[in-house]
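Below is one structure, written out as structure tokens; the observations come after it.
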Amino acid sequence: MSARGRPRKVQGENPGASEAKSLHATRKKSEQKNEEQKTTDAKANSNSKIHVKIHPSQEVCARKPSCVKTPEEQQTPKQTRSGEKKVAPRSSTQKGNSIEENPNKELKSAPEKVQKSQSVESDSQKVTRLKKSSKVAKCVEETDAPQTAKGTENPNKVLLAVLEKLKVKKNERSKSAKCVNEIQTKITEHLKRHLNWCKDISVLKTGSYYENLKICHPDEFDVMMTLCLERVKLQPFSEDGAFYSVEMKRHTKHPLDKFINDDNNIMASEMLKDFREQIKQVISSLEYDVTLERKKMGCPAVTLLVKENGKNISMDFVLSLEVHSCWPAFTQDGFNIENWLGKKVKMEERRRPFYLVPKYEGRGNAEQDGIMAKDAWRISFSHVEKKILKNHGNSKTCCEGGQKCCRKSCLKLLKYLLQRLKDEQLDEADKLCSYHAKTTLLHACAARVKDSEWADSELSHCFQQLLRDFEQNLRACKLPNFFIPSQNLLNGLNKKKCERLADYIENQRNNGFPLLC
Ligand SMILES: [Zn+2]
Numbered sequence: 002m003s004a005r006g007r008p009r010k011v012q013g014e015n016p017g018a019s020e021a022k023s024l025h026a027t028r029k030k031s032e033q034k035n036e037e038q039k040t041t042d043a044k045a046n047s048n049s050k051i052h053v054k055i056h057p058s059q060e061v062c063a064r065k066p067s068c069v070k071t072p073e074e075q076q077t078p079k080q081t082r083s084g085e086k087k088v089a090p091r092s093s094t095q096k097g098n099s100i101e102e103n104p105n106k107e108l109k110s111a112p113e114k115v116q117k118s119q120s121v122e123s124d125s126q127k128v129t130r131l132k133k134s135s136k137v138a139k140c141v142e143e144t145d146a147p148q149t150a151k152g153t154e155n156p157n158k159v160l161l162a163v164l165e166k167l168k169v170k171k172n173e174r175s176k177s178a179k180c181v182n183e184i185q186t187k188i189t190e191h192l193k194r195h196l197n198w199c200k201d202i203s204v205l206k207t208g209s210y211y212e213n214l215k216i217c218h219p220d221e222f223d224v225m226m227t228l229c230l231e232r233v234k235l236q237p238f239s240e241d242g243a244f245y246s247v248e249m250k251r252h253t254k255h256p257l258d259k260f261i262n263d264d265n266n267i268m269a270s271e272m273l274k275d276f277r278e279q280i281k282q283v284i285s286s287l288e289y290d291v292t293l294e295r296k297k298m299g300c301p302a303v304t305l306l307v308k309e310n311g312k313n314i315s316m317d318f319v320l321s322l323e324v325h326s327c328w329p330a331f332t333q334d335g336f337n338i339e340n341w342l343g344k345k346v347k348m349e350e351r352r353r354p355f356y357l358v359p360k361y362e363g364r365g366n367a368e369q370d371g372i373m374a375k376d377a378w379r380i381s382f383s384h385v386e387k388k389i390l391k392n393h394g395n396s397k398t399c400c401e402g403g404q405k406c407c408r409k410s411c412l413k414l415l416k417y418l419l420q421r422l423k424d425e426q427l428d429e430a431d432k433l434c435s436y437h438a439k440t441t442l443l444h445a446c447a448a449r450v451k452d453s454e455w456a457d458s459e460l461s462h463c464f465q466q467l468l469r470d471f472e473q474n475l476r477a478c479k480l481p482n483f484f485i486p487s488q489n490l491l492n493g494l495n496k497k498k499c500e501r502l503a504d505y506i507e508n509q510r511n512n513g514f515p516l517l518c
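The numbering of the sequence shown is the numbering used here, which starts it at 2 and goes up by one.
Encoded structure:
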């Protein structure tokens, strides 16, 4: 697949325009079919945006291509079930193009066809389609479940096949786990012995492997190494409430004293330096083929690359502070799990400590109130995420007994899709990460709370909806952190990039996910 050229072809093009073109292309095909189809298309033409009710409490404005489908589009999943590996893009079926082709390519050639088809329409035809416009409302309502329309085969089939592919083989997993555990134990012991400020350091296993959400290979492990801090004062470092400076309250001697500046703030960068240095020293004594990855700008992790049984495993050791105090005020409007997991669970979780990791963005020597950005800490709730993803049901027994849901499957698929976009070296996908996928799912779970809305049998429908959620976030250039709503996780992406990503994902969604197959 000539992946590299793909994204660049659409660069410089107005993303909105390409979307309109795809719409036109669909329309052209539709008009060849029958009069009634024209009605739908014409109405769609006059409605670039249509309100669709996707949830009783959540009315959203969706763009036409995401929510209004022609009968032909509704049959798309049926095409994917034909036994072929991939589905032809909706506007290229006439040409018999395979999905290997740039999905945006056909979008470009469409306008002439549309003009042509529009020019042959008579006045009486226009009147007819306007009269029939009431049918559109019905069409819009039905689009919430495009995959279930008309098909007789299981619309989940394609996605189930993808999930199967993603399943980590059990023995592969245990082999990696053994090696990872040994390395992690050795490093922890070494730190405890050689760094007096690490005497009480403990390991918090977070990340996708431990959440059972690993996709593809068990090759990436995050190990959060935490230090408990009792008496600290946090000052927001950024306006969005995601970054903080950490001030030690007055105390007698403390092992962290050597990292404290004149203002009593803990210098994250200095701590990280010490931490990294010790890990570097322990590597040579490990019985595995381990190398230390070069330091990355703004990355709080010390990454080890391990070669084991012909596989490359990467282990991220992240230093963190465990803070036992009330969650910061910025979390006040976030973490809306009341209707989903209940008030009690919310209260219990909010009583748990939170974590700070020495992560900074932008220039490390940028200052604010005398604090350098490199000494700022980012707040982390990964322990809470892990817990609520594990106990994710509106009912306590979800996925434990008979009733299974597809929440985790949806997350795996979205993570994989984002990974695939990155693999394709799509410029815009650079800044995407699995946390965008996780956050999108958490918001979706908080909006569609019932387990029945995530029934395992509805995988295809739920995944389509989750992608529509993400597309909307992208088009609005806004994805609030689930815990700190004032932090926009799409900050690093400009409007144009967000639009292009949304277009790309929408295209995948409408064409049977060629990128996943
Ligand atoms: Zn479940």
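Positions of the beta carbon are idealized from the N, C-alpha and C atoms, including for glycine.
- When Cβ pairs closer than 8 Å are counted between the two stretches, the region 384-403 is seen to touch the region 449-458, the count reaching three or more.
- Uninterrupted alpha helix (DSSP H) stretches at least 4 residues long and entirely within the region 423-457 occur at 435-448, given in chain order.
- Counting C-beta pairs with one atom in each stretch, the region 479-498 and the region 331-349 have three or more that are closer than 8 Å, which means they touch.
- Look at residue 406: its beta carbon is less than 7 Å from one of the heavy atoms in ligand 1.
- Minimum Cα-Cα distance from residue 282 among the listed residues 463, 195, 314 corresponds to 195.
- Ranked by how close their Cα comes to the Cα of residue 417, the residues 448, 319, 165, 352 have 165 in first place.
- Looking from the CA of residue 342, the closest CA among 301, 322, 308, 393 belongs to 393.
- Nearest neighbour of residue 431 by Cα position, chosen from 438, 439, 422, turns out to be 422.
- When the beta-carbon positions are compared, residue 336 and residue 280 stay at least 8 Å from each other.
- In this structure, the straight-line span from the alpha carbon of residue 313 to that of residue 287 is close to 16 Å.
- Per DSSP, the unbroken alpha helix (DSSP H) holding residue 505 starts and ends at 496-511.
- In the three-state reduction of the DSSP assignment, residue 227 falls in the strand class.
- In this structure, residue 503 sits near residue 472, with a CB-CB distance shorter than 8 Å.
- In this structure, residue 273 sits away from residue 322, with a CB-CB distance that is not shorter than 8 Å.
- With a threshold of 7 Å, the Cβ atom of residue 394 counts as near ligand 1, since some heavy atom of the ligand is closer than that.
- Rounded to whole angstroms, residue 193 and residue 301 show a C-alpha spacing of 20 Å.
- Under the three-state reduction of DSSP, residue 378 is assigned to strand.
- Look at residue 446: its beta carbon is at least 7 Å from all of the heavy atoms in ligand 1.
- Judged by DSSP secondary structure, residue 348 falls outside any beta strand (DSSP E) and instead within the alpha helix (DSSP H) spanning 344-351.
- In this structure, residue 266 sits away from residue 240, with a CB-CB distance that is not shorter than 8 Å.
- Taking 7 Å as the cut-off, one finds at least one heavy atom of ligand 1 near enough to the beta carbon of residue 400.
- Boundaries of the beta strand (DSSP E) harbouring residue 313: 312-324, taken from the DSSP string.
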